[in-house]
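A.B. asks: Just so we're aligned: the sequence shown equals residues 1 to 96 in UniProt numbering. The C-beta atom is built at its ideal place from N, Cα and C for all residues, glycine as well.
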Amino acid sequence: MEYDPPICFILVFEEFEEHAEKAKTLPESTTNENKLILYGLYKQATVGTVNTSRPGIFNMRDRAKWDAWKAVEGKSKDEAMSDYITKVKQLLEEAT
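Pasting the structure below:
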């Protein structure tokens, strides 16, 4: 039996993909904090719960990314997609 996802999920997923592309156009002035928030939400939306161990203290960049992902642990993929879309919209609006 084949699973057909609900139409609302398909619409959210399409909007999520659209905003993932738009996120690539954010200005360089976007703060690292906001970039990390987007990273964590993106990973939660696409992968789900953190599935790797925390990088070591000397790998600060990857450790910050891992922490951002871990911070949204527990959100459903749908919720993470929705929050990601909202955050990208906010950042794009602030940039104009």
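1) What is the rounded straight-line gap between the Cα of K22 and the Cα of L41?
2) Taking all protein chains shown into account, decide if I85 is buried (16 or more other Cβ within 10 angstroms of its Cβ) or exposed.
3) On the three-state DSSP scale, how would you describe F58?
4) Quick check on S82: does DSSP put it in helix, strand or coil?
5) Could you tell me whether the region 53 to 62 touches the region 19 to 37, where touching means 3 or more Cβ pairs closer than 8 Å?
C.D. replies: Reading from the atomic positions:
1) Here the alpha carbon of K22 sits roughly 15 Å from the alpha carbon of L41.
2) Flag for I85 reads buried.
3) Coil, per DSSP.
4) Helix at S82.
5) Not touching, per the Cβ criterion.
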